[in-house]
Amino acid sequence: MPDPLPDPLPLGRAVVDRDAASRAEAGLLERLRADPAARALLVSGPELAVRPGGEPALLLVPPARLDPQGELAYLGRDGDAGYVSWTPPDGVSLATAVAALADDDHEPAADADAEIVTLRDAGHLLDARDAGLATCAVALAQWRRTHTHCPRCGAEVEVAEAGWSTRCPADGSSHYPRTDPAVIMAVHDAADRLLLARSVAWPERRRSVLAGFVEAGEGLEAAVRREVAEEVGLDVGPVAYAGAQPWPFPASLMVGFHAWVVGPDGEPADAPTPDGVEITHAEWYSRQDLRDAVGSGAVGLPMRTSIARALIEAWYGSELPD
Numbered sequence: 001m002p003d004p005l006p007d008p009l010p011l012g013r014a015v016v017d018r019d020a021a022s023r024a025e026a027g028l029l030e031r032l033r034a035d036p037a038a039r040a041l042l043v044s045g046p047e048l049a050v051r052p053g054g055e056p057a058l059l060l061v062p063p064a065r066l067d068p069q070g071e072l073a074y075l076g077r078d079g080d081a082g083y084v085s086w087t088p089p090d091g092v093s094l095a096t097a098v099a100a101l102a103d104d105d106h107e108p109a110a111d112a113d114a115e116i117v118t119l120r121d122a123g124h125l126l127d128a129r130d131a132g133l134a135t136c137a138v139a140l141a142q143w144r145r146t147h148t149h150c151p152r153c154g155a156e157v158e159v160a161e162a163g164w165s166t167r168c169p170a171d172g173s174s175h176y177p178r179t180d181p182a183v184i185m186a187v188h189d190a191a192d193r194l195l196l197a198r199s200v201a202w203p204e205r206r207r208s209v210l211a212g213f214v215e216a217g218e219g220l221e222a223a224v225r226r227e228v229a230e231e232v233g234l235d236v237g238p239v240a241y242a243g244a245q246p247w248p249f250p251a252s253l254m255v256g257f258h259a260w261v262v263g264p265d266g267e268p269a270d271a272p273t274p275d276g277v278e279i280t281h282a283e284w285y286s287r288q289d290l291r292d293a294v295g296s297g298a299v300g301l302p303m304r305t306s307i308a309r310a311l312i313e314a315w316y317g318s319e320l321p322d
């Protein structure tokens, strides 16, 4: 059996109390904007502003320092400190917003070296508090970026519940962020090999485990078996839950599994047959095969923020080099 996955996974870490009960309070965001103890992180889609260093940390500033035309969302509370995300107004980049901070009269020296990173690339480097805040902020920012109008009538919506819902002024309907479940599976055979594949959209060397969205009315284990059969033509037997983490690019919850393909009489599984549509290459790897392929540069693995990397290294038994 593979090693357990880290618990929590990089984007599943959370320290700050989300304080959902306070979201409906009238004037909450206005009070936080004026609160000198509150802190705002700067986010635009998947991008974040961080202070650089060996272990990057979020750039957190009093909300009053930020352009009031930007959009706030309440992320929660840690003791006396309230946290919000701030998204720049339309047409203003995150880099421009950071530059404006560096030019103000508050703490220009502290903000001048701020950098723009993506949550995908930096999520595993942030500490637990920052990772939880950043993941929540990116999820809300991605949702708001693509849900500006009512899906019923097309009217422009208004933000409600401190950034956690929208309301249509025309028909009165309310709308909430969606999360799309997806399965991601480390597929093993009787020889304890791991199946790795290349998606059609990936660089030539990239290899990872299989994944796919859960269809309407489908269970998670059924989705694992269907995706493996569709993408590489193999029949999965036993399936075991491994772990899960949010993946807000734009709105997924990645649910990880180990799955086993066993040939007749317990023999190693047949060679996979890529579908040629989503998967262009797939093969079985022993630990030595993978160690050699990664060491030579023939194979590039998923980023460390991902559950895919965690599943691969759980099977391998230790960390692999980048």
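1 is the number of the first residue of the sequence shown in the UniProt record's numbering; add one for each residue after it.
From the three backbone atoms N, C-alpha and C, an ideal C-beta is built for every residue, glycine too.
**Asked** According to the Cβ coordinates, are Ile312 and Val209 closer than 8 Å?
**Response** By one-based count along the sequence shown, residue 312 stands at place 312. By one-based count along the sequence shown, residue 209 stands at place 209. Against a cut-off of 8 Å, the Cβ pair of Val209 and Ile312 comes out as a contact.
**Asked** Are Val255 and Val187 closer than 8 Å when you measure CB to CB?
**Response** Translated into the one-based positions of the sequence shown, residue 255 becomes position 255. Translated into the one-based positions of the sequence shown, residue 187 becomes position 187. Not in contact: Val255 and Val187 (Cβ atoms no closer than 8 Å).
**Asked** Where does Ala211 land, buried or exposed, given buried means 16+ other C-beta within 10 angstroms?
**Response** Position 211 of the sequence shown, counted from the start, is the residue given in the question as residue 211. Result: buried.
**Prompt:** When the Cα atoms are used, what is the spatial distance from Val232 to Thr273?
**Reply:** Position 232 of the sequence shown, counted from the start, is the residue given in the question as residue 232. Position 273 of the sequence shown, counted from the start, is the residue given in the question as residue 273. Their Cα atoms are separated by approximately 5 Å.
**Asked** Using 8 Å as the Cβ pair cut-off and three pairs as the minimum, do the segment 78 to 93 and the segment 118 to 128 touch?
**Response** no
**Item:** Buried or exposed (CB count within 10 angstroms, at least 16 for buried), Ala242
**Value:** Residue 242 sits at position 242 when you count from the first residue of the sequence shown. So Ala242 counts as buried.
**Request:** List the endpoints of the continuous beta strand (DSSP E) containing Gln245.
**Result:** Translated into the one-based positions of the sequence shown, residue 245 becomes position 245. Segment Val239 to Trp247, the beta strand (DSSP E) holding Gln245.
**Request:** Kindly list the residues whose CB is nearer than 7 Å to the CB of Pro6, restricted to its own chain and excluding five residues on each side of it in sequence; keep chain order.
**Result:** Counted from its first residue, the sequence shown places residue 6 at position 6. Once the five neighbours on either side are set aside, the close Cβ partners of Pro6 are Ala310.
**Prompt:** Is Cys234 near Ala269, with beta carbons less than 8 Å apart?
**Reply:** Locating residue 234 in the sequence shown gives position 234, where the first residue counts as 1. Locating residue 269 in the sequence shown gives position 269, where the first residue counts as 1. The amino acid occupying residue 234 in the given sequence is Leu; Cys does not appear at that position. Closer than 8 Å, so yes.
**Prompt:** According to DSSP, what are the bridge partners of His147?
**Reply:** On the sequence shown, position 147 is the one that residue 147 refers to. Looking at the DSSP assignment, His147 forms no beta bridge with any residue, so it has no partner.
**Cβ-based burial, Gly154 [other Cβ within 10 Å; buried from 16]** = Mapped onto the sequence shown, residue 154 falls at position 154. The residue in question, Gly154, is exposed, as its Cβ has fewer than 16 Cβ neighbours within 10 Å.
**Asked** For the segment 50 to 98, which segments carrying the alpha helix (DSSP H) assignment without a break, of at least 4 residues, lie completely within its bounds, in sequence order?
**Response** none
**Message:** Within a Cβ cutoff of 7 Å, which residues of the same chain sit near Glu230, ignoring the five residues on either side of it in sequence?
**Reply:** The residue given as residue 230 occupies position 230 in the sequence shown. Asp275, listed in sequence order.
**Message:** Could you tell me the alpha carbon to alpha carbon distance between Arg120 and Gly54, rounded to whole angstroms?
**Reply:** Counting from one through the sequence shown, the residue named residue 120 turns up at place 120. Counting from one through the sequence shown, the residue named residue 54 turns up at place 54. Each residue's alpha carbon lies about 17 Å from the other.
**Distance, Ala99 Cα to Ala162 Cα** = Numbered from 1 along the sequence shown, position 162 holds the residue referred to as residue 162. Numbered from 1 along the sequence shown, position 99 holds the residue referred to as residue 99. The alpha-carbon atoms of Ala162 and Ala99 are separated by roughly 27 Å.
**Item:** Sequence-distant residues of the same chain with beta carbon closer than 7 Å to Leu140, five excluded per side
**Value:** Your numbering for residue 140 matches position 140 in the sequence shown. The residues are Ala73, Ser85, Gly163 and Pro177.
**Request:** With DSSP as the reference, please indicate the residues paired to His188 in a beta bridge.
**Result:** Position 188 of the sequence shown holds residue 188. His188 pairs with Leu194 and Trp260.
**Message:** Buried or exposed, going by whether 16 or more other CB atoms sit within 10 Å of the CB of Val277?
**Reply:** For the purposes of this step, residue 277 is identified with residue 277 of the sequence shown, where counting begins at 1. Val277 comes out exposed.
**Message:** Can you list, in chain order, the residues of its chain with a C-beta nearer than 8 Å to that of Asp80? Leave out the 5 residues immediately preceding and following it.
**Reply:** As a working mapping, residue 80 is identified with position 80 in the sequence shown. Counting only Cβ-Cβ distances below 8 Å, and skipping sequence neighbours, we find Ala37.
**Asked** Does DSSP put Arg206 in a helix, in a strand, or in coil?
**Response** Your numbering for residue 206 matches position 206 in the sequence shown. Arg206: strand per DSSP, three-state reduction.
**Asked** If you compare alpha carbons, which of Gly82, Pro203 and Leu75 is closest to Pro62?
**Response** The residue given as residue 62 occupies position 62 in the sequence shown. Looking at the Cα atoms, Gly82 is the closest of the given residues.
**Message:** Using 8 Å as the cut-off, can you tell me whether the segment 164 to 175 makes contact with the segment 38 to 54, which would need three or more C-beta pairs spanning the two stretches below that distance?
**Reply:** no
**Request:** Could you check how far apart the C-beta atoms of Leu195 and Trp284 are, in whole angstroms? I think they sit under 8 Å.
**Result:** Indexing the sequence shown from 1 puts residue 195 at position 195. Indexing the sequence shown from 1 puts residue 284 at position 284. Indeed they touch by this definition, with Cβ atoms about 6 Å apart.
**Asked** Near Gln69, which residues of its chain fall below 7 Å by C-beta distance, leaving aside the five closest residues on each side in sequence?
**Response** Within the sequence shown, numbered from 1, the residue matching residue 69 stands at position 69. Closer than 7 Å at the Cβ level, and outside the excluded window around Gln69, lie Pro89.
**Request:** Determine the burial state of Ala191: buried for a count of at least 16 other Cβ atoms within 10 Å of its Cβ, exposed for fewer.
**Result:** If you number the sequence shown from 1, residue 191 lands on position 191. The residue in question, Ala191, is exposed, as its Cβ has fewer than 16 Cβ neighbours within 10 Å.
**Asked** What does a CB cutoff of less than 8 Å around Arg304 pick up in its chain, not counting 5 residues either side in sequence?
**Response** In the sequence shown, counting from the first residue as 1, residue 304 sits at position 304. Counting only Cβ-Cβ distances below 8 Å, and skipping sequence neighbours, we find Pro10, His124 and Asp322.
**Asked** Mapping DSSP to helix, strand and coil, what is Arg304?
**Response** On the sequence shown, position 304 is the one that residue 304 refers to. Three-state DSSP puts Arg304 in coil, outside helix and strand.
**Request:** Using only alpha-carbon positions, find the residue among Glu267, Val228, Pro302 and Leu32 that is nearest to Asp189.
**Result:** By one-based count along the sequence shown, residue 189 stands at place 189. Ranking the options by Cα distance to Asp189, first place goes to Glu267.
**Request:** For my contact list, Cys150 and Ser173 are in at a C-beta cut-off of 8 Å; report their separation, rounded to the angstrom.
**Result:** Reading the sequence shown from its first residue, position 150 is the one you call residue 150. Reading the sequence shown from its first residue, position 173 is the one you call residue 173. Right, their Cβ atoms sit about 6 Å apart.
**Asked** Out of Asp103, Val138, Gln142 and Gly76, which has the shortest C-alpha to C-alpha gap to Ala24?
**Response** Numbered from 1 along the sequence shown, position 24 holds the residue referred to as residue 24. Considering only alpha carbons, the answer is Gly76.
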